[in-house]
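Participant: Heads up: the sequence shown runs through residues 1 to 390, numbered per full-length UniProt numbering.
Cβ coordinates follow ideal geometry from the N, Cα and C atoms, glycine included.
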Amino acid sequence: MPYYRVVGEVPEKRHVQFRRPDGGLYQEELMGEEGFSSDSSLLYHRYAPTAIVKAEAVDQGASGLSPNLPLSPRHFRTQDLRPDGDLVSGRLLLAGNSDVRISYAATSAPSELYRDSMGDECVYIASGRARFESAYGALEVGEGDYIVVPTGAIHRWVPDGPVTALVIEAAGHIRPPKRYLSQYGQFLEHAPYSERDLRAPSEPLLVDGEEVPVLVRTRGGLTRLTYAHHPFDVVGWDGCLYPYAFNIRDFEPIVKRTHAPPPVHQTFEGPGFVICSFCPRPLDFHPEAVPIPYNHHNVDSDEFMFYAGGDYSARKGSGIDVGSVSLHPAGFTHGPQPGAVEAVVEAVRKGLSTTSEMAVMLDTFRPLDLGPAAFACEDPGYAWTWAVRA
Numbered sequence: 001m002p003y004y005r006v007v008g009e010v011p012e013k014r015h016v017q018f019r020r021p022d023g024g025l026y027q028e029e030l031m032g033e034e035g036f037s038s039d040s041s042l043l044y045h046r047y048a049p050t051a052i053v054k055a056e057a058v059d060q061g062a063s064g065l066s067p068n069l070p071l072s073p074r075h076f077r078t079q080d081l082r083p084d085g086d087l088v089s090g091r092l093l094l095a096g097n098s099d100v101r102i103s104y105a106a107t108s109a110p111s112e113l114y115r116d117s118m119g120d121e122c123v124y125i126a127s128g129r130a131r132f133e134s135a136y137g138a139l140e141v142g143e144g145d146y147i148v149v150p151t152g153a154i155h156r157w158v159p160d161g162p163v164t165a166l167v168i169e170a171a172g173h174i175r176p177p178k179r180y181l182s183q184y185g186q187f188l189e190h191a192p193y194s195e196r197d198l199r200a201p202s203e204p205l206l207v208d209g210e211e212v213p214v215l216v217r218t219r220g221g222l223t224r225l226t227y228a229h230h231p232f233d234v235v236g237w238d239g240c241l242y243p244y245a246f247n248i249r250d251f252e253p254i255v256k257r258t259h260a261p262p263p264v265h266q267t268f269e270g271p272g273f274v275i276c277s278f279c280p281r282p283l284d285f286h287p288e289a290v291p292i293p294y295n296h297h298n299v300d301s302d303e304f305m306f307y308a309g310g311d312y313s314a315r316k317g318s319g320i321d322v323g324s325v326s327l328h329p330a331g332f333t334h335g336p337q338p339g340a341v342e343a344v345v346e347a348v349r350k351g352l353s354t355t356s357e358m359a360v361m362l363d364t365f366r367p368l369d370l371g372p373a374a375f376a377c378e379d380p381g382y383a384w385t386w387a388v389r390a
């Protein structure tokens, strides 16, 4: 994270005696990235965060990923999936590679305590509201929120009614793009969002309990560790590493007189992928502008687009709707549907000046394989829609 926070009680100096009211010592825990050479936070526990009483392997089954063969653009209708479980156990795998896994979840059930030790997670809430609870504190989150969960943070999800979400699991760290930050980590003036737009826990979440199970994911698989005391026993923490939320509606679109490519929409970057936010914005305003994407072929990346809201004039006639996912792989040129360019130019002539689309896009720099959920909700006719005359 680009800035420092203090929550709850912490001692005046780091790594000194910090005593409980009964005279005993609080237990210090350093959560740090890249060894001791990157962002970190210090958490102060009432009990030892190392005390476990049981460890059990958990069967996670096969990954279920298959190559995108024959090479084809794809359309997945997440609206047609029938998920159950919770926001951890109920993730339905749509696509993935060695850098990232992308899943869909829909649930109203609370999750168990969970720690992803393989990498950061970014969960986009497509609909509904939930309470995100962690050792750092709690966050109330809702529609349009990205929640970035740092590697190793023990947390759980408590929905307030039905929730749908797109879950991005990285094999490393998810951060704001470097070009938005100063050399010291502050958001620069040209960035499309700033520190004021980020929400983080503001007070400790103290929970009592003994022999508490936590599901842990590592590269070796899943383990359920039973802790002697509840891990949400942190009285305070400080540092630059913590979970936070950012709402897509706080992204300030960068506009040009003619159509701008997706890097202007970039919101986060991860190992081998970027995340972009497509938000309502003024249409391109050159008098001869074609305010719609041109045909393009991203030779180094696959494009995974989750359609979150609004009207997709460029895709009209393709079957794309809110809740759809399109996958346009490297090796395939894609662009507007037949007739879409002419229709939008005419709409602008009649007074259309803004776009209402809202979408979350991942560009990955390794090919995406397809998960079981993708095959379960695929629109088999999508690849041929560009050949249909308008």
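Applying the criterion that 16 or more other CB atoms from any shown protein chain within 10 Å of the CB defines a buried residue, is Leu-69 buried or exposed?
Facilitator: Exposed is the call here.
Participant: By a C-beta neighbour count over all protein chains shown, 10 Å radius and 16 as the cutoff for buried, is Thr-355 buried or exposed?
Facilitator: buried
Participant: Could you have a look at Gln-79 and say whether DSSP puts it in helix, strand or coil?
Facilitator: helix
Participant: When you compare each of Ile-254, Leu-30, Pro-263, Glu-12 to Ala-48 by their alpha carbons, which one comes out closest?
Facilitator: Leu-30
Participant: Report all residues from its chain with a CB closer than 6 angstroms to the CB of Arg-224; omit the five preceding and five following residues, and keep chain order.
Facilitator: Glu-56, Val-58, Pro-213, Leu-215
Participant: Does the contact criterion of 3 or more C-beta pairs under 8 angstroms hold for the stretch 312-326 versus the stretch 336-351?
Facilitator: yes
Participant: Return helix, strand or coil for Glu-195, following the three-state DSSP convention.
Facilitator: helix
Participant: Would Leu-92 be called buried (16 or more neighbouring beta carbons within 10 Å of its own) or exposed?
Facilitator: buried
Participant: Using the beta-carbon count (16 or more within 10 Å), is Glu-210 buried or exposed?
Facilitator: exposed
Participant: Rounded C-beta distance between residue 401 and Tyr-114? I'm assuming under 8 angstroms.
Facilitator: The structure shown does not extend to residue 401, since the chain is modelled only from 1 through 390, so no value can be given for it.
Participant: Could you give the distance in angstroms between the alpha-carbon of Thr-226 and the alpha-carbon of Gly-161?
Facilitator: Thr-226 and Gly-161: Cα-Cα distance of roughly 28 angstroms.
Participant: CB-CB under 7 angstroms to Val-158, same chain, minus the five flanking residues each way: which ones, in chain order?
Facilitator: Shown here for Val-158: same chain residues with a beta carbon closer than 7 angstroms to its own, the five before and five after excluded, namely Pro-110, Ala-130, Arg-131, Glu-133 in chain order.
Participant: When DSSP labels each residue in this structure, what does Pro-338 get in the three-state scheme?
Facilitator: coil
Participant: My understanding is that Pro-282 touches Val-255, with C-beta atoms under 8 angstroms, so please give their C-beta distance in whole angstroms.
Facilitator: 5 angstroms
Participant: Runs of 3 residues minimum, wholly inside the stretch 177-251: which ones carry the beta strand (DSSP E) assignment?
Facilitator: 210-218, 221-229, 234-239, 244-247
Participant: Could you name the residues of the same chain whose beta carbon sits closer than 7 angstroms to that of Arg-257, not counting the 5 residues immediately before and after it, in chain order?
Facilitator: Asp-284, Phe-285, His-286, Ala-289
Participant: How would you write the range of the beta strand (DSSP E) that Pro-159 sits in, first residue to last?
Facilitator: 155-159
Participant: For Trp-384, does the count of other Cβ atoms within 10 angstroms reach 16, so buried, or fall short, so exposed?
Facilitator: exposed
Participant: Measuring straight from C-alpha to C-alpha, what distance separates Ala-330 and Leu-25?
Facilitator: 56 angstroms
Participant: Looking at C-beta atoms only, is the number of pairs between the stretch 4-23 and the stretch 229-244 that lie closer than 8 angstroms three or more?
Facilitator: yes
Participant: Could you give the C-beta distance for Arg-20 and Leu-42, rounded to a whole number, given that I count them as a contact under 8 angstroms?
Facilitator: Contact flag wrong, Cβ pair sits at about 16 angstroms.
Participant: Can you say whether His-297 is buried or exposed, counting buried as having 16 or more other CB atoms within 10 angstroms of its CB?
Facilitator: exposed
Participant: Over the uninterrupted alpha helix (DSSP H) stretch that includes Asp-374, give me the two end residues.
Facilitator: The sequence given here places Ala at residue 374; Asp does not occur at that position. That run of the alpha helix (DSSP H) goes 372-376.
Participant: Among Met-361, Ile-154, Phe-187, Phe-246, whose alpha-carbon lies nearest the alpha-carbon of Asp-197?
Facilitator: Comparing alpha-carbon positions, the option among Met-361, Ile-154, Phe-187, Phe-246 lying closest to Asp-197 turns out to be Phe-246.
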